[in-house]
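Visitor:
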Amino acid sequence: MALISTRGWQSAIAPSLLAFLFCLAFAAFPAQAQSGSGQTQSQPPANSQSSQDIPDAPSTVQPPAPKPAFPPGSPASAEPGPREQNQPGQDSKSTPQTGQQNPPPMPPVQTIAPGSMPRNQINPAENLYKLRVITNFVQIPVMVKDADGRRVDGLSPSDFTVNENGREQKLTFFTSDPYPLSVAILLDIGMPDVALQKVSQTYSALVGAFSPYDEVALYTYSSTVSQVSDFSEHPQRLQIAFNELKSVRGGSSGPPVLGGPLASGAEVNGAPAGGPIIAPVNTPPREAHVLNDAILQAALDLGKRGRDRRKVIFVISDGRELGSKASYRDVLRVLETRDIQVKAVVLDSSALPGFKQVERIHHLFLQGYSDILPRYAAATGGGQVYGELTRNAIENAYDEVTSDARNQYTLGYSPLPIAGGSACRNIEVIVHRRGLRVTAKDGYCPVPR
66 MALISTRGWQ
76 SAIAPSLLAF
86 LFCLAFAAFP
96 AQAQSGSGQT
106 QSQPPANSQS
116 SQDIPDAPST
126 VQPPAPKPAF
136 PPGSPASAEP
146 GPREQNQPGQ
156 DSKSTPQTGQ
166 QNPPPMPPVQ
176 TIAPGSMPRN
186 QINPAENLYK
196 LRVITNFVQI
206 PVMVKDADGR
216 RVDGLSPSDF
226 TVNENGREQK
236 LTFFTSDPYP
246 LSVAILLDIG
256 MPDVALQKVS
266 QTYSALVGAF
276 SPYDEVALYT
286 YSSTVSQVSD
296 FSEHPQRLQI
306 AFNELKSVRG
316 GSSGPPVLGG
326 PLASGAEVNG
336 APAGGPIIAP
346 VNTPPREAHV
356 LNDAILQAAL
366 DLGKRGRDRR
376 KVIFVISDGR
386 ELGSKASYRD
396 VLRVLETRDI
406 QVKAVVLDSS
416 ALPGFKQVER
426 IHHLFLQGYS
436 DILPRYAAAT
446 GGGQVYGELT
456 RNAIENAYDE
466 VTSDARNQYT
476 LGYSPLPIAG
486 GSACRNIEVI
496 VHRRGLRVTA
506 KDGYCPVPR
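Printed below as a string of structure tokens:
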């Protein structure tokens with residue numbers, strides 16, 4: 066019986082032991098499966114995306130990801146991500162309410178059929194990038210001197226009054242600062258040789274009268290006009306141009322020979338030898354002095370210079386004009402349109418005492434007009450014409466001309482609209498101080514538009 070009982074106990078315990086071992090094996094299997102899956106997910110492919118939203122730990126190699134530009138919960142941060150976009154076939158209107166609002170519908174866009182255009186409508190492409198502004202601003206250089214001819218400084222805008230065609234204008238610009246010059250020198254090589262050689266001795270003084278900020282061009286004229294040098298701020302170039310002109314000779318001095326043995330050839334009993342006995346008619350030779358043409362060419366070139374400079378034509382001549390294609394009126398209009406002053410130093414017979422009383426005669430010994438330069442200077446505000454005979458007087462005139470041109474008051478205003486459009490207008494400058502003389506241009510011509 067003892068043997069039977071032992072076998073019965075073993076048979077009763079065996080099933081229980083097997084069940085216990087099976088439970089232990091079943092409990093260990095999920096843990097191994099979970100550890101294996103964790104090792105697999107710890108090394109995802111480069112092109113895959115993690116399904117969890119848990120942020121990674123800070124790295125010591127790579128910087129942390131940038132923070133969102135908008136705080137959480139704001140409307141700008143409620144934009145849908147890649148997972149929140151509608152799946153294909155899903156209607157946007159049936160999206161569940163997640164706090165996001167759909168954008169409003171676009172308004173209808175009305176278009177025009179290609180090649181058609183409504184009536185009474187300008188094509189915008191025709192005027193694209195076109196901007197037109199019409200302005201008119203007048204600048205007046207003004208020189209003020211006392212009774213002794215000394216320049217007067219220290220005046221204010223309230224000391225001046227400007228009338229245009231009799232109507233007072235409101236000054237909007239005023240300065241007494243010096244201006245850099247753009248000067249065109251016109252040298253008359255057709256004047257008598259004695260006067261030209263006297264001028265050639267003053268070339269160095271003329272070059273020294275300009276500042277390093279001035280630009281100067283040199284022209285010569287007689288029967289034709291030639292430009293010797295272009296506008297340049299380098300005094301060396303101007304000096305080289307003048308040195309080349311020292312070998313140029315002027316015309317013959319004295320009045321024309323109308324009688325005597327030098328006026329004609331050999332004579333027999335008062336008649337030309339070998340010819341018919343006819344009373345000779347002697348006329349003086351007409352040598353051209355195209356002063357108007359020279360001023361016109363210099364004015365056209367000066368008109369291309371910058372508006373921040375004071376433009377001056379400086380004439381060194383005996384003042385004669387004969388044979389120009391351009392008239393005084395036409396040249397003056399060009400000068401007034403481009404705000405150019407004319408200044409001059411007159412030599413030879415025009416500088417003689419008492420010649421100013423005779424220079425109003427248009428023809429002097431049938432050699433041309435002699436009152437052109439004073440008229441140009443008076444109309445453009447260039448001041449007096451210097452009549453000099455000696456070398457020292459000529460050099461002093463150079464300094465005074467350049468100094469007066471550079472140091473002037475500059476008045477500016479926007480003119481009131483008047484009838485006449487682009488017609489030339491008269492200007493009157495008044496200084497409210499006694500005993501002062503004012504030199505300014507007497508008019509201007511608006512630029513045609």
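The sequence shown begins at 66 in the numbering used here and counts up one residue at a time. Ideal placement from N, C-alpha and C gives every residue a C-beta, glycine not left out.
Between the region 256–275 and the region 392–402, are three or more C-beta pairs nearer than 8 angstroms?
Guide: No: the two stretches stay apart, fewer than three of their Cβ pairs being nearer than 8 angstroms.
Visitor: Does the separation of the CB atoms of I437 and G384 fall below 8 angstroms?
Guide: Here residue 437 refers to the residue found at position 372 of the sequence shown. Here residue 384 refers to the residue found at position 319 of the sequence shown. Yes. Within cutoff.
Visitor: For N357, count neighbouring Cβ atoms within 10 angstroms of its own Cβ and tell me buried if that reaches 16, exposed if not.
Guide: Here residue 357 is taken as the residue at index 292 of the sequence shown, counted from 1. With 16 or more Cβ atoms within 10 Å of its Cβ, N357 is classed as buried.
Visitor: For S241 versus Y474, is the C-beta distance shorter than 8 angstroms?
Guide: For the purposes of this step, residue 241 is taken as residue 176 along the sequence shown, with counting starting at 1. For the purposes of this step, residue 474 is taken as residue 409 along the sequence shown, with counting starting at 1. In this structure, Y474 lies closer than 8 angstroms to S241 by Cβ.
Visitor: Going by Cα to Cα distance, which pick from A359, R375, A409 is closest to D395?
Guide: The residue labelled residue 395 in the question sits at position 330 within the sequence shown. Minimum Cα distance to D395 is reached at A359.
Visitor: Can you tell me the Cα-Cα spacing of G206 and N308, whole angstroms?
Guide: As a first step, residue 206 must be located in the sequence shown, where it is residue number 141. As a first step, residue 308 must be located in the sequence shown, where it is residue number 243. Sequence inspection shows Pro at residue 206; the Gly mentioned does not correspond to that position. Rounded to whole angstroms, P206 to N308 spans 33 angstroms at the Cα level.
Visitor: So for N308, helix, strand or coil by DSSP?
Guide: In the sequence shown, the residue the question calls residue 308 occupies position 243. In this structure, N308 counts as helix in the three-state DSSP scheme.
Visitor: I need the boundaries of the alpha helix (DSSP H) containing L361, first residue and last residue.
Guide: If you number the sequence shown from 1, residue 361 lands on position 296. Per DSSP, L361 belongs to the alpha helix (DSSP H) from 356–367.
Visitor: Using alpha carbons as the reference points, say which of R490, K311, E298 lies closest to T285.
Guide: Your numbering for residue 285 matches position 220 in the sequence shown. Of the listed residues, the one whose Cα sits closest to T285 is K311.
Visitor: Among residues of its own chain, excluding the 5 on either side of A443, which ones have a beta-carbon nearer than 8 angstroms to its beta-carbon?
Guide: Along the sequence shown, one-based indexing puts residue 443 at 378. Answer for A443: D507, listed in chain order.
Visitor: Classify K369 as buried or exposed, calling it buried when 16 or more other Cβ atoms lie within 10 Å of its own Cβ.
Guide: The residue given as residue 369 occupies position 304 in the sequence shown. K369 should be labelled exposed.
Visitor: Between which two residues does the beta strand (DSSP E) holding A409 run?
Guide: Numbered from 1 along the sequence shown, position 344 holds the residue referred to as residue 409. Here the beta strand (DSSP E) through A409 covers 405–411.
Visitor: Please state the DSSP three-state secondary structure of R385.
Guide: Along the sequence shown, read from residue 1 onward, the residue named residue 385 stands at position 320. Three-state DSSP puts R385 in coil, outside helix and strand.
Visitor: When the cut-off is 8 angstroms and only beta carbons count, does R385 lie next to chain B?
Guide: No chain B is part of this structure, which consists of one protein chain only.
Visitor: Just curious, the beta strand (DSSP E) that V264 is in, first and last residue?
Guide: As a first step, residue 264 must be located in the sequence shown, where it is residue number 199. Here V264 belongs to no beta strand (DSSP E); instead the alpha helix (DSSP H) covers 258–265.
Visitor: Please list, in chain order, all residues of the same chain as Q266 whose beta carbon is under 8 angstroms from its beta carbon, the five residues on each side excluded.
Guide: Reading the sequence shown from its first residue, position 201 is the one you call residue 266. Around Q266: R456.
Visitor: When the distance is taken between beta carbons, is Y451 closer than 8 angstroms to V410?
Guide: Taking the first residue of the sequence shown as position 1, residue 410 is located at position 345. Taking the first residue of the sequence shown as position 1, residue 451 is located at position 386. The answer is yes: Cβ separation under 8 angstroms.
Visitor: Just verifying my parser: in three-state terms, what is the DSSP assignment at L283?
Guide: The residue you call residue 283 lines up with position 218 of the sequence shown. In this structure, L283 counts as strand in the three-state DSSP scheme.
Visitor: Relative to the C-alpha of V380, which candidate in G388, A364, Y509, S392 has its C-alpha closest?
Guide: Against the sequence shown, residue 380 aligns to sequence position 315. Among G388, A364, Y509, S392, the Cα nearest to that of V380 belongs to A364.
Visitor: Just to check my reading of the structure: P480 and E229 have Cβ atoms closer than 8 angstroms, yes? What is that Cβ distance to the nearest angstrom?
Guide: As a first step, residue 480 is located in the sequence shown; it is residue number 415 there, counting from the start. As a first step, residue 229 is located in the sequence shown; it is residue number 164 there, counting from the start. About 6 angstroms; that satisfies the 8 angstroms criterion.
Visitor: Go through the region 198–275 residue by residue and report every complete run of the alpha helix (DSSP H) that reaches 4 residues or more, in order.
Guide: Whole alpha helix (DSSP H) segments, 4+ residues: 258–265, 268–273.
Visitor: Would you tell me roughly how many angstroms separate the C-alpha atoms of A505 and Y478, rounded to the nearest one?
Guide: Position 440 of the sequence shown holds residue 505. Position 413 of the sequence shown holds residue 478. Their backbone Cα atoms lie some 15 angstroms apart in a straight line.
Visitor: Let's see if you can read the secondary structure: which residues bound the alpha helix (DSSP H) around D464?
Guide: Translated into the one-based positions of the sequence shown, residue 464 becomes position 399. Per DSSP, D464 belongs to the alpha helix (DSSP H) from 456–471.
Visitor: Using the DSSP secondary-structure output, state which residues sit across from L476 in a beta bridge.
Guide: The residue labelled residue 476 in the question sits at position 411 within the sequence shown. Paired residues: I205, F239.
Visitor: Apart from the five residues on each side of it in sequence, which residues of its chain come closer than 7 angstroms, Cβ to Cβ, to A470?
Guide: Within the sequence shown, residue 470 is the residue found at index 405, counting from 1. So the qualifying residues of the chain are L246, R375, V377, Q406, K408.
Visitor: Go through its chain and collect everything with a Cβ distance to R490's Cβ below 8 angstroms, but skip five positions before and after it.
Guide: Within the sequence shown, numbered from 1, the residue matching residue 490 stands at position 425. Only E229, N230, P480, I483, G508, Y509, C510, P511 meet the Cβ criterion.
Visitor: When you compare only the Cα positions, how much space is there between D373 and I492?
Guide: Position 308 of the sequence shown, counted from the start, is the residue given in the question as residue 373. Position 427 of the sequence shown, counted from the start, is the residue given in the question as residue 492. Near 22 angstroms, if we compare the C-alpha coordinates of I492 and D373.
Visitor: Based on the DSSP secondary-structure assignment, which residues constitute the bridge partners of S291?
Guide: Along the sequence shown, read from residue 1 onward, the residue named residue 291 stands at position 226. DSSP lists T285 as partners of S291.
Visitor: Among residues of its own chain, excluding the 5 on either side of Q114, which ones have a beta-carbon nearer than 7 angstroms to its beta-carbon?
Guide: Counting from one through the sequence shown, the residue named residue 114 turns up at place 49. Low local confidence applies: a pLDDT of 47 at Q114 is under 50, so the model's placement there is unreliable, with the coordinate-based value given in what follows. Correct list: empty, nothing qualifies.
Visitor: Once DSSP output is grouped into helix, strand and coil, what is the label at Y278?
Guide: Here residue 278 refers to the residue found at position 213 of the sequence shown. In this structure, Y278 counts as coil in the three-state DSSP scheme.
Visitor: Could you compute how far the alpha carbon of D224 sits from the alpha carbon of Q204?
Guide: Numbered from its first residue, the sequence shown carries residue 224 at position 159. Numbered from its first residue, the sequence shown carries residue 204 at position 139. Cα to Cα, D224 sits roughly 17 angstroms from Q204.
Visitor: Under the rule that 16 or more other beta-carbon atoms within 10 Å means buried, what is L361, buried or exposed?
Guide: Sequence index remark: in the sequence shown, residue 361 carries index 296 (1-based). It is buried - the Cβ of L361 has at least 16 other Cβ atoms within 10 Å.
Visitor: Skipping 5 residues on each side, what residues in its chain have a beta carbon closer than 6 angstroms to that of F238?
Guide: Along the sequence shown, read from residue 1 onward, the residue named residue 238 stands at position 173. Answer for F238: G477, listed in chain order.
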